[in-house]
Each structure stands twice: as C-alpha cells, then as structure tokens.
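Chains as they are written, first to last, in my numbering: chain A, 1 to 550; chain B, 1001 to 1150.
Quick look at the structure:
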C-alpha cells in the first residue's frame, strides 16, 4: 500500500489548518455561504437534506485495517455509528457537525487519509479496478498510476475551479470493473509492440445526459500521461461551458465539438504546452510501484476446504474468486445483506473487518465501485474459518453479481437532490428475491437504482436500471433495460411509462419472465438475451398484460 | 484597494481610461486599456514606449498571436466570480504560449484561498481590499511551498 512521504503529511496537515480557517471565517461572516460552498465541497463537505455530509476519499478504493478502524472510530464519535461506501470507492458520513469537521479531518490525517477533492468542480478521487494487482490477465497494476495521478491532481493550481466535477478512472486489463467508460477520462493500460502505455478515453458520464466515453488516443506512452491529462484539462477549462450547470461536463463539450475537433485542440495543447518536468521517468515509476508489491504470498496447492454446509458452499461459489497466486483467493464481501441499506457498514462491522483483514488478508481491504468490499489475499485453507467469522458480523451474504447486489444511491432518505427514495426499493428487491437458488437461477444481473436524474446510482448502466421520479408529489420509477458499465459499456433504453412503488416488483418479475422465456440455455445471461431479442419483446410482455394501474 | 505582490504591498499606479475619454492622446504611462483599445493603439504605444496595462474579464480571455500581448507592461484579469477558473489557464497561456513577461495581476472577485494557486499559475499580484490583507497573508503562509506539481 502507498505510504505517505513527508510532503504528503505536510500537505494534509496544512489542508486541515486551511479548512479550520475557512470554517472560522464562515462562522464570523467573513465568507458568504456562496463563497464557502465551493471551499467546503473541495473538502468533501456537502449540505444535505437533514445535515452536513462528509465524503472521505479512499484513493482507488484501497484501505488498511488501521484506516478502517479510524473510520469506525469517526462513525462512532462524530456520526451515528455507520458509514456509506460509494460508487467511487469513497465513504460518506451522513451526520457530522460543521464544527467537528476540522477535528474529523485531523483524525483522518493521522492515518494518512483526507476528504480532499471528494466533491466540488475539481478532479475527484481517482478510481480503479478493485482487483488491481490480483489477476493474471492484467498488463500492469493500475494503482501506481492512480497514485501518480492523485498527486498531480491534488490542489492543482490550474484545475481547481473547473466548469464542473471531473472524474478519472484507470484500469489495467481488458475487463472493466471500474465503469471506466462512463468517466470524464478513462485510462486503460495497453501493450503495443512490447511497449506499455495508455489507451485514453474522454467524455463519458452519466447524469441527465448519459454518454459512453470516446477514444481520443489509441496509444499514449507512459511517460506522457500527466502532460496528456493536462492537455485535456486545459482544453476543458478553457472551452467547457459555464453558462448552464447541466451542460458543463466535458462530455457535453466533446459532444458539441465532436471528438475529432476536440482531439485536435487537445493534441495542439499537448504538443505546445507539454512540460518536461511532468514527464515520468523509469526511476519514478519504479519507486511508486514499490509501494504496491504483493504481500509475501507463496504459491501452494492448498485447496478450498470442503464442508457439508450449503450456505458456505454458496458463498464460495458466489463471492470467492481465485487469486493470481495459487493457493490464495480473493474474497468479496457483500454490503447488500437483506434489509440493510446497500453500501452501508456499521462501525462494529468495520472494527470486526479491520481485525479480520489483519488475521486473513495482510491488513488490506478494498472498496469496489459496486459498493462492496474485498479481502484481496486470503489463504485457501482459511476460507471456512473466515466465512464463519464473517457470518457472525452479517458480512457473508452470498449475492455478488446477482439480482440483490444492487448499486443504490442514498436517495431521498438523505440527499437534497433526490426526487424519490431509492434505499427502500433496493430493500424490497432484496426481500422479494432473498432465496439464493432463485437468484442463482436468474443469474448474473445488475440492478442499479438512482433516486434522481443525476444518476449517482448508475441506473443508465444497469442491466435493469431504476430511476426514481417525482410526479405531483408521488414517487414513480422509470425502468431502463440493457445498460452495462463494463468493457461493453452501453446506456440502457427506457422501456416505457414508469411504475409506482407498489407495482415495481411486479414489473421486474415480468421483465425476468420475458428473459426466462427467451433464454436459450442455462448460462445465457440477461444482458445477452436482451441484446439478442431487443427491447420490444420486453415492452410487449411488460405493458400488454399490465393491469392499468401503472 | 491595495496591491499585494506575494508578501509585499505596493501602491497601484495603473488606472482605467473611461470609454468616453479614450483618445489616443490620453494614453499615458499607467493607463489600463481594454483589449480592443490595445488592438487599436498598440503600434503607437510601442513606438512611444508607453507603459500600459491591458485588462481582461474572466468571461472573455481570448487572444490571438497578432495581439502581440507580450509587449504590454501589465495584464490585469478581472474575475467576475472566483468560481470561474478560466483565468488560471489563461495565465498559463500568457506565460507559456504568448511569452508574456510583464506583471500579471488578478482583480475582482477572488478569494485569499486562491492566492497560492494564482501565483503558481503565473500571476504576480492581486488587487484586494485593504482590510483583507491579513487573511491573504495568513493563507499564503499556510499554503506556500506545499504542492505536488512542478
């Protein structure tokens, strides 16, 4: 894991002081709320429906047990004993008091954490593949590159007041587990003629105008990555729209100019403004990679223990995947237990997990963009013991990738922007489909739920997407089908008129019936069937037989 | 209003020319011109070696190579709002693309929290209210020297 240098420590400490100063000036009336807002947002502090919300950065989703313990401590002391893991691998506290925030930031800095640029119109936390460094087909571990980009983007003097927020994701293999193609910039590490570099995508995003990112460079040598990012950001900062908040993201600029024109502006900035000092040399790369080496794992022939326990076997099948070092496994922990808000963990669970990670996974925990957690290096022979331990903490739900493993935004239960609740919808789904075998029969299926058009719950890229709307004070839910956030990224299509909360489960059942009817074999998943037969069949089955209560 | 150049305060000797007073003969050392005024008079200014400033609004930071902006003595950028980050990129362009070596000043709606960012993008000075001086200096001290970028 990355360890802070003296510079990192100084920067974080000074940032806490600066924020303390800003809070003081706000309370003294020297800063107006309008002026304070962008400053607090750059420290991850939002004003929500009922209270402030503090979003803490978990760079590329990687946590140590010590950090997780600190998060649990903060949740207990300054919040209500829980935290919410987000789709950008961060964690949110929903109830901090403004006056406590500088102290919370100080606590975080003691374990090399912060809330810098988790919000605001600046470059946000760099997100990545939660399996980075763990799989065989990876060209290179993306995390060191995330760290290089994290440093470059932190308090960037030029890019801290952009037209709108800016999100970057980096992945290291063909499989996309980071929704890279719906980011403002997506980077994929590729190999060409024995040279490793980046394939660069730009202008992806969700929100009210969902767009899949366009490729701007098929190959960019590694050393140029920061200069190329600067060239894109320079173009965006100059040309991006500032007249309308809904048209201010880079995706709109790329769409309005067209990718070719946009590319020509970027390439011109790249050739004219590139700065030798931003080039990354091999020594620098080697140094950063040193932080991300695997722990001392010895390849061995240990098998996963067999036990005559169906629940345990389901968990092995659903949540455990092989590690690139033989004899070890990657354990995925679902934060989608029945009746629980998706992505939430209590402080007790976090404390337990910290201890569990120390015992079973070299003190390392990862956060996934699908709001789950990962123990990256678990010895096969320990899996049964681990499962027993996780079960006690209600952390052994076997539903990874299944219908109840929903992505879900906080919705109207917390969020000031929401037009409908989303957590209760997710809970209804998990209650209705709570049987593992029933879920397994449906197979791989991603349901993603957003409580408003801003799409924090990624509904556009859900195989089934659910969007909560307000219609004359009543909540309605619009369904999209066929979306994907993976390497075959697709924006889902709206199936038709929306449903009331009471009819929603029935609608999902009908959609699943259409799928089952057309499924050619056991392994043909929902998305494949959808792509084969198209939305018409679903539409017909869904609305023709639907009682007119929609 | 005072001018701060990093830690040091100095007296402003630049002054805007009102549009109705804009006659070539009124341009003297210390005049602040708009870009269109500069375009109309830059040859006279250069011939007579007059020390003038050119001002831009954060809303309109456009410039072409024909403007020969590097020949102005000072450039002032007026921020309509501190949230508009275009002048930060414009400052970089002035320094790196247009080879502007004179004084670059930020004015208008700017926050002390932006002081180090401004300096690092190529600004030399800021125009601020006198009573705000202490807070600008305090934040400069907290932030100075702490950054990752070259």
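Even glycine gets a Cβ: it sits at the ideal position worked out from N, Cα and C.
These numbers come from a predicted model, not from an experiment.
Item: May I ask which residues mark the beginning and end of the beta strand (DSSP E) holding residue 529 of chain A?; Value: Taken as a continuous stretch (DSSP letters only), residue 529 of chain A belongs to no beta strand (DSSP E), being part of the alpha helix (DSSP H) at 526-533.
Item: When DSSP labels each residue in this structure, what does residue 203 of chain A get in the three-state scheme?; Value: coil
Item: Measuring CA to CA, which of A:25, A:8, A:98 and A:66 is closest to residue 52 of chain A?; Value: A:98
Item: What did DSSP end up calling residue 1053 of chain B once you bin it into helix, strand or coil?; Value: strand
Item: Look at the alpha carbon of residue 514 of chain A and the alpha carbon of residue 541 of chain A, and state the distance between them as a whole number of angstroms.; Value: 7 Å
Item: With a 10 Å radius around its C-beta and 16 neighbouring C-beta atoms as the bar for buried, classify residue 1001 of chain B as buried or exposed.; Value: exposed
Item: Kindly indicate which residue of A:387, A:408 and A:15 has the alpha-carbon position closest to the one of residue 398 of chain A.; Value: A:387
Item: Check the Cβ of residue 22 of chain A against every Cβ in chain D and list those closer than 8 Å, keeping chain order.; Value: In the structure shown, chain D does not exist; the protein chains are A and B.
Item: Which of the three DSSP states, helix, strand or coil, is assigned to residue 90 of chain A?; Value: coil
Item: Grab the span of the alpha helix (DSSP H) containing residue 1093 of chain B for me, first residue to last.; Value: 1086-1096
Item: Within the 7 Å Cβ cut-off, does residue 298 of chain A reach chain B?; Value: no
Item: Between the beta-carbon of residue 1121 of chain B and the beta-carbon of residue 1072 of chain B, is there less than 7 Å?; Value: no
Item: One question on the structure: do residue 1077 of chain B and residue 1053 of chain B come within less than 7 Å of each other, judged by their Cβ atoms?; Value: no
Item: Pull up the DSSP beta-bridge partners for residue 1078 of chain B, would you.; Value: B:1057 and B:1107
Item: Using a 10 Å radius around the Cβ and a threshold of 16 neighbouring Cβ atoms, would you call residue 1131 of chain B buried or exposed?; Value: exposed
Item: Anything in chain B within Cβ reach of residue 272 of chain A, meaning under 9 Å, just list it in chain order.; Value: 1096 and 1097
Item: What would DSSP say about residue 1022 of chain B, mapped onto helix, strand or coil?; Value: coil
Item: Starting from the C-beta of residue 556 of chain A, find all residues in its chain whose C-beta is less than 7 Å away, skip the five residues before and the five after it, and write them out in chain order.; Value: Past the edges of chain A, shown from 1 to 550, lies residue 556 of chain A, and the structure says nothing about it.
Item: Grab me the residues of residue 550 of chain A's own chain with a C-beta within less than 7 Å of its C-beta, minus the 5 sequence neighbours each way, in chain order.; Value: Because residue 550 of chain A sits at a pLDDT of 44, beneath the cut-off of 50, its placement in the model cannot be relied upon, and the point is left open.
Item: Would you call residue 474 of chain A buried or exposed, if buried means 16 or more other Cβ atoms sit within 10 Å of its Cβ?; Value: exposed
Item: With 7 Å as the threshold, decide whether the Cβ of residue 1087 of chain B is near any Cβ in chain A.; Value: no
Item: Under three-state DSSP, which class holds residue 1140 of chain B?; Value: helix
Item: Going by beta carbon distance, what residues of the same chain come within less than 7 Å of residue 95 of chain A, once the five residues before and after it are set aside?; Value: 51, 79 and 80
Item: Within the 7 Å Cβ cut-off, does residue 1044 of chain B reach chain A?; Value: no
Item: Run the CB neighbour count on residue 1014 of chain B, radius 10 Å, all protein chains shown included, and call it buried at 16 or more, exposed below.; Value: buried
Item: Comparing the C-beta of residue 18 of chain A with each C-beta of chain B, is any distance below 7 Å?; Value: yes
Item: Do the stretch 406-413 of chain A and the stretch 450-466 of chain A make contact, defined as three or more Cβ pairs closer than 8 Å?; Value: yes
Item: Roughly how many whole angstroms lie between the Cα atoms of residue 1119 of chain B and residue 162 of chain A?; Value: 18 Å
Item: Could you give the DSSP three-state label for residue 292 of chain A: helix, strand or coil?; Value: coil
Item: So which of A:524, A:530 and A:487 has the shortest CA-CA distance to residue 179 of chain A?; Value: A:487
Item: Just by C-beta distance, which residues in the stretch 151-169 of chain A are closer than 9 Å to chain B?; Value: 151, 152, 153, 154, 155, 156, 157, 158, 159, 160, 161, 162 and 163
Item: If we cut at 7 Å on Cβ distances, does residue 11 of chain A have a partner in chain B?; Value: yes
Item: Go ahead and pull the three-state DSSP assignment for residue 523 of chain A.; Value: coil
Item: Got a sec? Which residues, its chain only, sit under 8 Å from residue 400 of chain A by beta carbon, not counting five neighbours each side?; Value: 318, 319, 332, 334 and 372
Item: So which residues on chain A does residue 1175 of chain B lean against when the C-beta distance must stay under 8 Å?; Value: Past the boundaries of the shown model lies residue 1175 of chain B; chain B is included only from 1001 to 1150, so the question cannot be answered.
Item: Label residue 238 of chain A either buried or exposed according to how many other C-beta atoms from any shown protein chain fall within 10 Å of its C-beta, with 16 as the threshold for buried.; Value: buried
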